[in-house]
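Enquirer: Numbering (numbering that gives the first Met the number 0), first residue to last: 0 to 399.
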Amino acid sequence: MGEPGIDYQAVFEASPSATLVLTTEFVIQDANHAYQELVGRDRDELIGKYIFDAFPPEDESETVDLQASLRRVLDTRTQDVAGPVRHDLQEPGRPGLFIERYWSPVNAPVLDSDGQVALILHRLEEITDLVRAGGPEADHRRRQMEHELYARSRELQQINERLREANLRERQVALALQDAMLPAPQKLAHHQAAVRYRPAVNTLNVCGDWYDVTQLPSGDYAVAVGDVVGHGLFAAGVMGQLRSALSAAIRVVDGPAAALDALDMYARSVDGALSTTAVQTVIAPDAHRIAYSSAGHPPPALGHPDGTVRFLDRATDPPLGAAPTYTPRPQTDVTYPDGAILVLYTDGLVERRGEDIDEGLGRLADGLAEHRSLGVEGLADALIGLGSAGDDAALVVVHL
0 MGEPGIDYQA VFEASPSATL VLTTEFVIQD ANHAYQELVG RDRDELIGKY
50 IFDAFPPEDE SETVDLQASL RRVLDTRTQD VAGPVRHDLQ EPGRPGLFIE
100 RYWSPVNAPV LDSDGQVALI LHRLEEITDL VRAGGPEADH RRRQMEHELY
150 ARSRELQQIN ERLREANLRE RQVALALQDA MLPAPQKLAH HQAAVRYRPA
200 VNTLNVCGDW YDVTQLPSGD YAVAVGDVVG HGLFAAGVMG QLRSALSAAI
250 RVVDGPAAAL DALDMYARSV DGALSTTAVQ TVIAPDAHRI AYSSAGHPPP
300 ALGHPDGTVR FLDRATDPPL GAAPTYTPRP QTDVTYPDGA ILVLYTDGLV
350 ERRGEDIDEG LGRLADGLAE HRSLGVEGLA DALIGLGSAG DDAALVVVHL
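1. Apply the 10 Å Cβ neighbour rule to residue 196 and answer buried if 16 or more other Cβ atoms are within range, or exposed otherwise.
2. Is residue 252 helix, strand or coil by DSSP?
3. To which residues of the same chain is residue 274 closer than 6 Å at the C-beta, ignoring the five residues directly before and after it?
4. Put residue 220 into one of helix, strand or coil per three-state DSSP.
5. Does the distance from the C-beta atom of residue 392 to that of residue 386 stay below 7 Å?
6. Determine the direct distance from the alpha carbon of residue 398 to that of residue 302, and round the result to whole angstroms.
7. Nearest to residue 198 by CA position, among 345, 80, 315 and 105, is which residue?
8. What's the gap between the Cα of residue 356 and the Cα of residue 85?
9. Could you name the residues that DSSP lists as bridge partners for residue 85?
10. Is it buried or exposed, residue 338, if we count other Cβ atoms within 10 angstroms and call 16 or more buried?
11. So the beta strand (DSSP E) residue 50 belongs to, where does it begin and stop?
12. Just the Cα atoms here: how many angstroms apart are residue 382 and residue 284?
13. Assign residue 370 to one of three DSSP states: helix, strand, or coil.
14. Should the region 210-217 be called in touch with the region 258-268, which here means at least 3 C-beta pairs below 8 Å?
15. Could you say which of 13, 104 and 112 lies nearest to residue 123 if we only look at CA atoms?
16. For residue 341, is the classification buried or exposed, using 16 other Cβ atoms within 10 angstroms of its Cβ as the cut-off for buried?
17. Would you call residue 296 buried or exposed, if buried means 16 or more other Cβ atoms sit within 10 Å of its Cβ?
18. Entirely within the region 317-379 and at least 4 residues each: give me those alpha helix (DSSP H) ranges in chain order.
19. Count the other C-beta atoms from every protein chain shown that fall within 10 angstroms of the C-beta of residue 74, then say buried if there are 16 or more, exposed otherwise.
20. Between the region 62-76 and the region 109-116, do at least 3 Cβ pairs fall closer than 8 Å?
21. Just to confirm, are residue 46 and residue 25 a CB contact at a threshold of 7 Å?
22. Once DSSP output is grouped into helix, strand and coil, what is the label at residue 272?
23. Per DSSP, what kind of secondary structure is residue 77 in: helix, strand or coil?
So, in structure tokens, the structure goes:
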């Protein structure tokens, strides 16, 4: 017999943390018992109200800070701590008499199956005792310290906001670097190709994912994708070396397997390159044939005009540098009809946490069949959002 299901509503009600559930428009959808006790209001007094109408801040700047925090949760899909706020509560049984209270709000996203923010958890932690540091009986200096501490907290929040702005500028620089390292694909003589790159949320927006689309002197096309382990500038530097090496190798060796063999030997001399995955294909348009070889990479998808999708998984070997000794990599080929679509991608497109990869491959096959009529650019736009927002993804779509 399996484990009994968890009653998450009961868990929410029993939580000792005072928590609101907000919609993405910041409307209160639920409030647990701890929150109702803390603020002295029943659920019926809260549900359906815009949070800033339900709790008007004492200071307008607090409204701006809390709104900015909630919007960062929507933008980054990660937890964010807002600056401290003052919101006085009416003393029970004494209408018109309010008690000074200070709070530290913590906001966290609830993501849906597509990695998008569906709800926001808004948790309050009371910090009145910390701010007041001694209460009404304290002397004049202690009261000054109370207000100084609150002022310093506000200053710290402003500093954090400036740091976030600096990080945003850094991310924009990183994106420019990524664009330079992953240029638009070379125009093909007879076919159309589209590429996409989607950075993971909470990264510097540079990673080890790459793609390469090349017209060969023979008239064939070389299309490849790869994925270096890790994120950040170091992984991007390794990616740049491997991308260039594979792009050079495919121009001078005979076929995808030989190109990956050369890349494997080169990777063993590059710090951080081991365990990189890559797949190289060569498309011969005159023969309507695709030759391919994979170094531990997810299989390319070949969509046929009738909507069927085949994964090219018959020439797969371990990632770069994984084998203790050199062994020639396998290579095979497959024919394709006019109007077929070839899709190469990195694992961020098909992998989600807690999900079998076959589900991601099935989702890709369904998306390719459903949107194949959109053309390469529209299809690339439709497919790039299939993966988890927590991982990078690179994608190449070629209309054959």
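Note that the Cβ used here is the ideal one computed from N, Cα and C, for glycine as well.
Expert: On the basis of the supplied data:
1. Within the sequence shown, the letter at position 197 stands for residue 196. Residue 196 comes out buried.
2. Residue 252 sits at position 253 when you count from the first residue of the sequence shown. Reduced to three states, the DSSP call for residue 252 is coil.
3. Counting from 1 along the sequence shown, the entry for residue 274 is found at position 275. These residues qualify, in order along the chain: 228 and 318.
4. As a working note, residue 220 is residue 221 in the sequence shown. Residue 220 falls in the strand class under three-state DSSP.
5. Here the question's residue 392 lines up with position 393 in the sequence shown. Here the question's residue 386 lines up with position 387 in the sequence shown. It is a contact, given that the beta carbons lie within the stated cut-off.
6. Here residue 302 corresponds to residue number 303 of the sequence shown, with the count starting at 1. Here residue 398 corresponds to residue number 399 of the sequence shown, with the count starting at 1. For residue 302 and residue 398, the distance between alpha carbons rounds to 10 Å.
7. By one-based count along the sequence shown, residue 198 stands at place 199. Nearest of 345, 80, 315 and 105 to residue 198, Cα basis: 345.
8. The residue labelled residue 356 in the question sits at position 357 within the sequence shown. The residue labelled residue 85 in the question sits at position 86 within the sequence shown. Their Cα atoms are separated by approximately 48 Å.
9. The count along the sequence shown starts at 1 and reaches residue 85 at position 86. Residue 85 pairs with 101.
10. Walking along the sequence shown from the start, residue 338 turns up at place 339. Residue 338 should be labelled exposed.
11. Mapped onto the sequence shown, residue 50 falls at position 51. Per DSSP, residue 50 belongs to no beta strand (DSSP E); it is in the alpha helix (DSSP H), 50-53.
12. Start at 1 with the first residue of the sequence shown, and residue 382 comes out as number 383. Start at 1 with the first residue of the sequence shown, and residue 284 comes out as number 285. Cα to Cα, residue 382 sits roughly 24 Å from residue 284.
13. Position 371 of the sequence shown, counting from 1, holds the residue named residue 370. In the structure shown, residue 370 sits in a helix (DSSP, three-state: H, G or I).
14. no
15. Within the sequence shown, numbered from 1, the residue matching residue 123 stands at position 124. Per the Cα distances, 104.
16. Along the sequence shown, read from residue 1 onward, the residue named residue 341 stands at position 342. Buried is the label assigned to residue 341, since at least 16 other Cβ atoms lie within 10 Å of its Cβ.
17. Within the sequence shown, residue 296 is the residue found at index 297, counting from 1. Classification for residue 296: buried.
18. 356-370
19. On the sequence shown, residue 74 is found 75 positions in, with the first residue counted as 1. Residue 74 comes out exposed.
20. As far as the Cβ criterion goes, the region 62-76 touches the region 109-116, which means the pair count is three or higher.
21. As a first step, residue 46 is located in the sequence shown; it is residue number 47 there, counting from the start. As a first step, residue 25 is located in the sequence shown; it is residue number 26 there, counting from the start. No, they are not a contact pair.
22. Here residue 272 refers to the residue found at position 273 when the sequence shown is read from its first residue. Three-state result, residue 272: coil.
23. Counting from one through the sequence shown, the residue named residue 77 turns up at place 78. If DSSP states are grouped into helix, strand and coil, residue 77 belongs with coil.
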